[in-house]
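First the structure, in the form of structure tokens, and then the observations on it.
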Amino acid sequence: MKRPVWIVLARRKYEEPLYQVGTVTADDEHMAELFARSIYDEHPWIEMVVAPRDAVRTVIAA
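Residue numbers are given in my numbering: position 11 of the sequence shown equals residue 21, and the series is strictly consecutive.
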């Protein structure tokens with residue numbers, strides 16, 4: 011069985027929008043948070059969010 015993929019979004023300053031910094035593969039939300047925090051530690055983020063990639067829906071596609 012394939013492990014779920016989680017999108018990782020983050021921002022460095024409050025006035026900046028969240029943007030996708032990458033993805034992690036993890037069995038659950040807790041592990042996704044741990045992996046995201048340890049893998050994407052190159053900046054002093056003020057906010058980091060993980061979301062299941064399956065929860066993202068395409069609205070417009072060219």
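Just so you know, even glycine gets a beta-carbon here, dropped at the ideal spot from N, CA and C.
Bear in mind that the values here come from a model prediction, so they are computed numbers and not experimental data.
| Item | Value |
| --- | --- |
| Locate the beta strand (DSSP E) running through M58, then write down its first and last residues. | E57 to P62 |
| Helix, strand or coil: how does DSSP classify I49 here? | helix |
| If you count every other CB in all the chains shown that lies within 10 Å of the CB of V34, and 16 or more means buried, which is it? | buried |
| For my contact list, R21 and E52 are in at a C-beta cut-off of 8 Å; report their separation, rounded to the angstrom. | Not quite, the Cβ-Cβ distance comes to about 14 Å (not below 8 Å), so this is no contact. |
| Look at the alpha carbon of P14 and the alpha carbon of E25, and state the distance between them as a whole number of angstroms. | 31 Å |
| Just the Cα atoms here: how many angstroms apart are R63 and D38? | 12 Å |
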